[in-house]
Amino acid sequence: MNDKINQYVSKFQQQNPQFIANLKYWFPVDEPRSIDQYYPIARLQEILEELGYQQKLLAHFSPEWNGQRNGADVFTPYINTVHPTPLDSLHNEYNFHAVGY
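Quick look at the structure:
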């Protein structure tokens, strides 16, 4: 898996030399909906770090107004699984304060 990711990033760098210097984040999946998507995000971030890439993953969230989706908390399982830094996840300000993140 590491080789495939390294090949992808290398190809992206070669095809976009003017852009890669300003790239701060990779966008893995829009609105991860379950823990089944959280584990691959965590592993991908680990691989990027192992390969020495500085860019982090940036996940976007749009749960319900109470920070839940289908009656289940969205942020706590994600935070406990992926261990993002605060700027590595986008979510609206309303939910930001609800979880004290």
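The sequence shown begins at 3 in the working numbering and counts up by one.
All C-beta atoms, glycine included, are put in the ideal place defined by N, C-alpha and C.
Cβ atoms of PRO34 and ALA74 stay farther apart than 8 Å, at about 13 Å.
LYS13 is bridged by DSSP to nothing; it lacks a bridge partner.
Distance from the CA of GLN20 to the CA of PHE29, rounded to the nearest whole angstrom, comes to 19 Å.
When DSSP reads this structure, ASP75 sits in a beta bridge with GLN70.
Separation of the CB atoms of LEU53 and ASN8 is rounded to 5 Å, and the pair is thereby assigned contact status at 8 Å.
According to the DSSP secondary-structure assignment, TYR80 is paired through a beta bridge with no residue.
DSSP places PRO19 in the uninterrupted alpha helix (DSSP H) bounded by 19-22. According to the DSSP secondary-structure assignment, TYR27 is paired through a beta bridge with LYS58.
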